[in-house]
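*Asks:* Chains as they are written, first to last, in this note's numbering: chain B, 100 to 511; chain Y, 95 to 453. For each residue, glycine too, the CB sits at the ideal point set by N, CA and C. This structure is a prediction, so every number in the text was calculated from the model and none was measured. What follows is a single structure, and I will ask about it in a moment.
Have a look at this one:
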């Protein structure tokens, strides 16, 4: 009895695990034994992967456009990148022009759930304070949806129903779900400004964003391709599947890697958790050398570097972000690295765009901000400028000329 | 099993029988299977450095499982440990801010904070009679929210090297070479202490409280204080885990997230019965080790990490389902006739002293 029960439980558990495994490992079933073919490579060969260069996340036209945009000189003041725009198509905003100050500016924020958003949010508040002091903005009304689509939809509805917003800024949490809410806001007749992630409509006055995910992913992938010999191994560390900005980053990198001589030994989801990143990198190092690390966001990049240190392995060629902890580690270790940038200064632009719209000045309908990675020769300058900043601060936050600098960012 | 026990009266089968009779033997079997699986996939995992790296990764969860074990075996839950670990690491980073002289004072503050959280959990559960599921769920949200409020959503500051060495460094040798991790020593010491504690009167009372708190109260045990101490131990273990996890990987906004459920899974996997009164702390630790090994195996199999929560859920269900099957009399094949009361009484440590010592 006992034995059969034990066997039954064991068999049930094993069966469950195998079924659990089978639901996801279909790509590996054809992997020949004894070779080091990973799930990704097989999947790419079959074209059945749900992310990467052969997935719906990869749109060749967007990829080409974003890569080209990196080389186009932006229009606008060179010392104020948050006011620059790449190939802007200006639209007339005279219908929204209105006299007087003390406007009510409403902002529906997706969340402040990661350090990048926190840094940007501080910059935005500082920019608002400037305009409040000038008398342009009377009230800055904010609702934070805490990454909840439903909450954000009702937040935007509340702004529309209140009726006294002179402009509505939306930083959408997800693209498709928020589209109807943004359309409803447009129909209210108030100027609507969308920034960061997009929505599937062009009803807003302006959509503000840096070049985009393809450019971000490509900056790192090209750097690795240039700095590694053919046949070198690259490990890709990703945060989450299914988020468009992150999927675009990987799709671009996957495209570039697949056309290079580099071997991608794996792509792993880490949730941005340092402990998991360190564990995963450590395990790959146990299996064989890793010559390069590509990351779709900088969170926890230091843990990945430390995994090499703790394993006694030479530093890889590394793609991080403009997050201070990584930049400092980069300087300490003098490794070959690049800090990709998803321009954090974009958080200032919507506030200034609102002011321009109220003045009836024309703004770009799609406001593409520059997005330049930090390279080795710029590293020291950025570190010096941000010497007092906390480790989860982003170097290209673009708030140095705001009155609250630096206390607003250092004492957060 | 029964045939071998009948033919040989040697100690071997009896030992085997003892192992298989407790509901925790599955975890040891699973642990061996998983380790063999990893070694087949990746023989270099057996190298000392790889094993030590694994220990460093697994240590925080093992320690959390010890703390969770005390609470679960007393018949309660502690869902606040994940948030507490996260809060502790963030507090440590913020208060230290890279100042070496602050390492020890801040660790003292962390200890007090961990005990305070445990005390509040315990007293609210025992004296205010709020179910611990609700108490600690509330505590989880309070800590999560308070930390977000305090830091504005992203942790600031930095951990000192002196703090980080506990989770990252080790004895003998220099970094990058073979070292005996401090984390291993801490786990062994805490594991031995926990096993000893469970053999002390407090451990027996804790077990009895989880088995039947009314009976325990009638027999004179201060049930509220016994359980409160279990929560204190859980808070203490979460603090140690925070030190190790912060040391292992540093500060991120995500540290500690979801750890409470991983810890509960580990304890349940170790054959400890939810609801209390049955299970061993060593098996709970083995459960944590098995879970970490399982995640390592999935990595070696190149399974995406998205499957992990699903597997964790499957394990909880399978383990609880197995443990919920009624216990049967243990030595049917031996000469000892089964007493009529035995089938209904659970096999738990308080009944063990009645048996002849196996040694």
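(1) Between which two residues does the beta strand (DSSP E) harbouring residue 466(B) extend?
(2) For the stretch 349 to 376 of chain Y, which residues have a CB atom closer than 8 Å to at least one CB atom of chain B, in sequence order?
(3) Taking Cβ to Cβ, would you say residue 234(Y) is nearer than 8 Å to residue 354(Y)?
(4) Quick test of the definition: if touching needs 3 or more C-beta pairs under 8 Å, does the stretch 326 to 342 of chain B touch the stretch 228 to 246 of chain B?
(5) So, helix, strand or coil for residue 223(B), using DSSP?
(6) Is the CB-CB distance between residue 501(B) and residue 229(B) below 8 Å?
(7) In chain order, what residues of the stretch 138 to 149 of chain Y put their CB closer than 9 Å to some CB of chain B?
(8) What separation, rounded to the nearest whole angstrom, lies between the Cα atoms of residue 432(B) and residue 217(B)?
(9) Using a Cβ-Cβ cutoff of 8 Å, what residues of the stretch 350 to 383 of chain B are near chain Y? List them in chain order.
(10) Residue 190(B) and residue 461(B) look like a contact to me (Cβ under 8 Å); what is the Cβ gap, rounded to whole Å?
(11) Along the stretch 174 to 195 of chain Y, what residues have a CB closer than 7 Å to any CB found in chain B?
(12) Are the beta-carbon atoms belonging to residue 415(B) and residue 438(B) less than 8 Å from one another?
(13) Compare the C-beta of residue 489(B) with all C-beta atoms of chain Y and state if any pair is closer than 8 Å.
(14) Can you tell me whether residue 264(Y) is helix, strand or coil according to DSSP?
(15) By DSSP's criteria, residue 208(B) is part of a beta bridge. Which residues make up the other side?
(16) Tell me which residue opens and which closes the alpha helix (DSSP H) that residue 337(B) is part of.
(17) Within the same chain, show all residues whose beta-carbon is closer than 6 Å to that of residue 446(Y), passing over the 5 residues directly before and after it, in chain order.
(18) How would you write the range of the alpha helix (DSSP H) that residue 355(B) sits in, first residue to last?
(19) Can you list, in chain order, the residues of its chain whose CB lies under 6 Å from that of residue 195(B), leaving out five sequence neighbours each side?
(20) As a quick exercise: from 157(B), 185(B), 208(B), pick the residue whose alpha carbon is nearest that of residue 446(B).
(21) Is residue 295(B) close to chain Y? Criterion is C-beta to C-beta, closer than 8 Å.
(22) Distance cutoff 8 Å, beta carbons only. Does residue 342(Y) sit that close to anything in chain B?
(23) Taking the alpha-carbon of residue 389(Y) as reference, which of 405(Y), 380(Y), 200(Y), 375(Y) has the nearest alpha-carbon?
(24) At which residue ranges does the stretch 243 to 311 of chain Y contain complete alpha helix (DSSP H) runs of 4 or more residues, listed in the order of the chain?
(25) Measure from the alpha carbon of residue 389(B) to the alpha carbon of each residue in 417(B), 428(B), 401(B), then state which is nearest.
(26) Can you list, in chain order, the residues of its chain with a C-beta nearer than 6 Å to that of residue 285(Y)? Leave out the 5 residues immediately preceding and following it.
(27) Nearest-angstrom Cα distance between residue 222(B) and residue 339(Y)?
(28) Suppose contacts are defined by Cβ-Cβ distances below 8 Å. Is residue 463(B) in contact with residue 305(B) by that definition?
(29) Is DSSP giving residue 237(B) helix, strand or coil here?
(30) Identify each residue in the stretch 245 to 263 of chain Y for which the Cβ-Cβ distance to at least one residue of chain B is less than 8 Å, and report them in chain order.
(31) Taking 8 Å as the threshold (beta carbon to beta carbon), is residue 153(B) in contact with chain Y?
*Replies:* This is what the structure holds:
(1) Indexing the first chain from 1 puts residue 466(B) at position 367. Note, residue 466(B): beta strand (DSSP E), 465 to 468.
(2) Those would be 349, 351, in chain order.
(3) Residue numbering aside, residue 234(Y) sits at position 140 when the second chain is read from its first letter. Residue numbering aside, residue 354(Y) sits at position 260 when the second chain is read from its first letter. The beta carbons of residue 234(Y) and residue 354(Y) sit closer together than 8 Å.
(4) Contact annotation: the stretch 326 to 342 of chain B does not touch the stretch 228 to 246 of chain B, with fewer than three C-beta pairs closer than 8 Å.
(5) Sequence index remark: in the first chain, residue 223(B) carries index 124 (1-based). If DSSP states are grouped into helix, strand and coil, residue 223(B) belongs with the helices.
(6) To locate residue 501(B), count along the first chain from 1; it is residue 402. To locate residue 229(B), count along the first chain from 1; it is residue 130. Taking the C-beta atoms as reference points, residue 229(B) is found nearer than 8 Å to residue 501(B).
(7) Flagged, chain order: 138, 139, 141, 143, 144, 147, 148.
(8) Along the first chain, one-based indexing puts residue 432(B) at 333. Along the first chain, one-based indexing puts residue 217(B) at 118. Going by the C-alpha atoms only, they are around 27 Å apart.
(9) Residues of the stretch 350 to 383 of chain B that bring their beta carbon within less than 8 Å of a beta carbon in chain Y comprise 365, 367, 368, 369, 370, 371, 372, 373, 374, 375, 376, 377, 378, 379, 381, 382, in sequence order.
(10) On the first chain, residue 190(B) is found 91 positions in, with the first residue counted as 1. On the first chain, residue 461(B) is found 362 positions in, with the first residue counted as 1. About 6 Å separates the beta carbons of residue 190(B) and residue 461(B), which is inside the 8 Å limit, making them a contact pair.
(11) Sequence-ordered contacts of the stretch 174 to 195 of chain Y with chain B are nonexistent [C-beta pairs closer than 7 Å].
(12) Residue numbering aside, residue 415(B) sits at position 316 when the first chain is read from its first letter. Residue numbering aside, residue 438(B) sits at position 339 when the first chain is read from its first letter. In this structure, residue 415(B) sits away from residue 438(B), with a CB-CB distance that is not shorter than 8 Å.
(13) Walking along the first chain from the start, residue 489(B) turns up at place 390. Among the CB atoms of chain Y, one or more fall inside 8 Å of the CB of residue 489(B).
(14) Residue 264(Y) sits at position 170 when you count from the first residue of the second chain. Strand.
(15) Taking the first residue of the first chain as position 1, residue 208(B) is located at position 109. Beta-bridge pairing links residue 208(B) to 243(B), 270(B).
(16) Stepping through the first chain from its first residue, residue 337(B) is reached at position 238. No alpha helix (DSSP H) holds residue 337(B); the beta strand (DSSP E) holding it covers 332 to 337.
(17) Taking the first residue of the second chain as position 1, residue 446(Y) is located at position 352. Confidence at residue 446(Y) is low in this model, with a pLDDT of 40, below 50, so the placement of that residue should be treated as unreliable; the coordinate-derived value is given next. The answer is none, since no qualifying residue turns up.
(18) Numbered from its first residue, the first chain carries residue 355(B) at position 256. Segment 343 to 357, the alpha helix (DSSP H) holding residue 355(B).
(19) In the first chain, residue 195(B) corresponds to position 96, counting from 1. 290, 456, listed in sequence order.
(20) Looking up residue 446(B) in the first chain gives position 347. For the residues 157(B), 185(B), 208(B), the minimum Cα distance to residue 446(B) belongs to 208(B).
(21) For the purposes of this step, residue 295(B) is taken as the residue at position 196 of the first chain. So, not an interface residue.
(22) Here the question's residue 342(Y) lines up with position 248 in the second chain. Chain B, which has a Cβ nearer than 8 Å to the Cβ of residue 342(Y), makes this yes.
(23) Numbered from 1 along the second chain, position 295 holds the residue referred to as residue 389(Y). Checked all of 405(Y), 380(Y), 200(Y), 375(Y); the closest Cα to residue 389(Y) is 405(Y).
(24) For the stretch 243 to 311 of chain Y, the full-length alpha helix (DSSP H) segments reaching 4 residues or more read 255 to 262, 276 to 293, 295 to 305 along the chain.
(25) Taking the first residue of the first chain as 1, we reach residue 389(B) at position 290. Selected option, being the one with the closest Cα: 417(B).
(26) On the second chain, residue 285(Y) is found 191 positions in, with the first residue counted as 1. If you ignore the 5 residues before and after residue 285(Y), its C-beta comes within less than 6 Å of the C-beta of 379, all in its own chain and listed in chain order.
(27) Your numbering for residue 222(B) matches position 123 in the first chain. Your numbering for residue 339(Y) matches position 245 in the second chain. Approximately 32 Å, taken between the alpha carbons.
(28) The residue labelled residue 463(B) in the question sits at position 364 within the first chain. The residue labelled residue 305(B) in the question sits at position 206 within the first chain. Residue 463(B) places its beta carbon less than 8 Å from that of residue 305(B).
(29) As a position in the first chain, residue 237(B) is number 138, starting the count at 1. Residue state, collapsed to three classes: strand.
(30) When CB distances to chain B are screened at a threshold of 8 Å, the residues of the stretch 245 to 263 of chain Y falling below it are 245, 246, 247, 248, 249, 250, 251, 252, 262, in chain order.
(31) For the purposes of this step, residue 153(B) is taken as residue 54 along the first chain, with counting starting at 1. It does not; no Cβ of chain Y falls within 8 Å.
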